[in-house]
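Here is the structure we will look at.
In my numbering, the protein residues as written are 2 to 203.
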């Protein structure tokens, strides 16, 4: 089975006046959470971008999107067939959106150190490294592991070494062609993803 997955990209470095406008779309709980974060403006933009993408599909105002959390903390819309996931790194947010199938997405800026990632690789993942650009390869594997964990509903206690991206089970994995300086991956349950890339202009 092939299932379409929309992947939306949004830049997080936005002027203060736009950040204030986007913050008005958030719930009281989201604004309170943002107030405790050092990188609050970027978090606000990422969360508002998620609301804008979901609202576009639902045909409602972004502020009216009622987000809940699963038992593992994954955002969801109760009673909806929509499945989605959000990730952000440095100045980029990515949002995956599909229906009826669990989805996970992860993005990393290539400036991130990759040495620690190597300790989480399975034997099969080690064997698949081709050495062409080891740093980028390791970050891609990390993104695949994160995407798998998020698609499966894994929480903060997930063990990256327990996810083998060479044998993803009921999930398909797709590497994402994002803007320069970023790598990303998508995991989709029970289907092969047909990824369509979009740019969200805030």
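Yeah, the Cβ is synthetic: ideal placement off N, Cα and C, and Gly gets one too.
8 Å Cβ cutoff, residue i in contact with chain C
{"i": "residue 53", "result": "Among the chains of the structure shown, chain C does not appear; only one protein chain is present."}
Top-ranked residue by Cα proximity to residue i, from the options
{"i": "residue 84", "options": "55, 72, 65 and 62", "result": "55"}
{"i": "residue 115", "options": "102, 142, 99 and 100", "result": "142"}
{"i": "residue 92", "options": "40, 22 and 167", "result": "40"}
{"i": "residue 129", "options": "202, 81 and 166", "result": "166"}
{"i": "residue 8", "options": "191, 186 and 190", "result": "186"}
{"i": "residue 122", "options": "201, 177 and 164", "result": "164"}
{"i": "residue 63", "options": "27, 146, 183 and 179", "result": "27"}
C-alpha distance - residue i paired with residue j, whole-angstrom precision
{"i": "residue 75", "j": "residue 86", "result": "8 Å"}
{"i": "residue 17", "j": "residue 152", "result": "33 Å"}
{"i": "residue 118", "j": "residue 103", "result": "25 Å"}
{"i": "residue 70", "j": "residue 51", "result": "14 Å"}
{"i": "residue 203", "j": "residue 137", "result": "29 Å"}
{"i": "residue 196", "j": "residue 169", "result": "18 Å"}
{"i": "residue 111", "j": "residue 89", "result": "13 Å"}
{"i": "residue 94", "j": "residue 198", "result": "13 Å"}
{"i": "residue 146", "j": "residue 191", "result": "17 Å"}
{"i": "residue 140", "j": "residue 127", "result": "13 Å"}
Three-state class that DSSP yields for residue i in the structure shown
{"i": "residue 57", "result": "helix"}
{"i": "residue 165", "result": "coil"}
{"i": "residue 67", "result": "coil"}
Paired residues, beta bridge with residue i - DSSP
{"i": "residue 105", "result": "188"}
{"i": "residue 201", "result": "In the DSSP output, where bridge partners are listed per residue, residue 201 has none listed."}
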